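Residue numbers (the numbering used here): 12 to 232. Cβ atoms here follow ideal geometry from the backbone N, Cα and C, with glycine treated the same way. This one's a predicted model, so the numbers in the text were calculated from it and none came from an experiment.
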């Protein structure tokens with residue numbers, strides 16, 4: 012089955028900066044384009060860090076306390092001085108599910124997308140990922156019937172009825188073997204756009220008991 016890739020959802024026109032971009036210029040870009048962060052690129056377009064609104068605010072707060080300021084007059088702050096590094100990025104060929112898990116785990120709103128040489132090729136946001144759950148019910152139903160039931164599990168047409176409402180898939184019918192039931196649920200749950208799965212599917216034969224017997228007889232005691 013084909014899973015949606017990050018490359019299918021990303022925006023390839025990316026606002027980016029270099030380490031020497033002035034602090035104020037970064038802030039202007041975030042406001043101008045109404046974005047929460049920008050990737051910082053080196054001379055070969057590789058992502059070396061990310062400057063977010065949080066990074067800018069943290070620098071502003073830390074720099075507002077006289078006791079924390081050095082007596083030495085430093086130059087104006089730049090992207091390289093306030094960025095979060097190393098950058099959290101995702102490869103274009105990774106699945107949307109992988110990108111969503113990474114965003115959730117790291118608590119971030121956007122991910123730079125890189126190619127096999129770690130060069131910037133796009134950006135993907137939480138909003139982009141949410142689009143996967145806006146897939147038409149008719150498309151989800153077709154993929155369950157064609158890809159999961161027919162191509163992967165080999166279930167004859169008509170053995171299982173598929174109903175999809177607002178991304179919730181309900182299955183009615185039967186399969187030949189009980190061992191197929193866990194695979195059926197797992198495969199349908201992994202389809203892009205599926206919110207939940209309710210199964211009313213039964214099995215004609217219980218082959219799990221036979222498999223357990225074979226396993227016991229194969230033990231050396």
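Cα-Cα separation, residue i to residue j
i	j	result
residue 101	residue 220	43 Å
residue 140	residue 113	12 Å
residue 203	residue 132	23 Å
residue 69	residue 95	11 Å
residue 121	residue 63	10 Å
residue 59	residue 52	6 Å
residue 103	residue 128	11 Å
residue 165	residue 29	53 Å
N- and C-terminal bounds of the beta strand (DSSP E) containing residue i
i	result
residue 54	Run containing residue 54: none; DSSP gives neither H nor E here.
residue 172	171-176
Endpoints, alpha helix (DSSP H) assigned at residue i
i	result
residue 88	Looking at the DSSP string, residue 88 is not in any alpha helix (DSSP H), and its letter there is neither H nor E.
Bridge partner(s) assigned by DSSP for residue i
i	result
residue 16	106
residue 118	Its beta-bridge partners do not exist; DSSP assigns none.
residue 123	134
Other residues of its chain near residue i: CB distance less than 7 Å, five sequence neighbours each side excluded
i	result
residue 111	140
residue 218	188, 189, 190
residue 205	151, 178, 180, 199
Helix, strand or coil at residue i according to DSSP, with G and I counted as helix
i	result
residue 32	coil
residue 76	For residue 76, the predicted model reports a pLDDT of 43, less than 50, meaning its position is unreliable; a value from the coordinates is still stated below. Looking at residue 76 - three-state DSSP - the assignment turns out to be coil, as it is neither helix nor strand.
residue 233	This structure leaves residue 233 out entirely; the chain is present only between 12 and 232.
residue 101	strand
Cβ shell of residue i (< 8 Å), same chain only, five flanking positions each side left out
i	result
residue 20	107, 135, 139, 140, 142, 143
residue 56	130, 131
residue 105	16, 17
Sequence-distant residues of its chain with Cβ nearer than 6 Å to residue i (five each side left out)
i	result
residue 187	215
residue 184	170, 171, 172, 212
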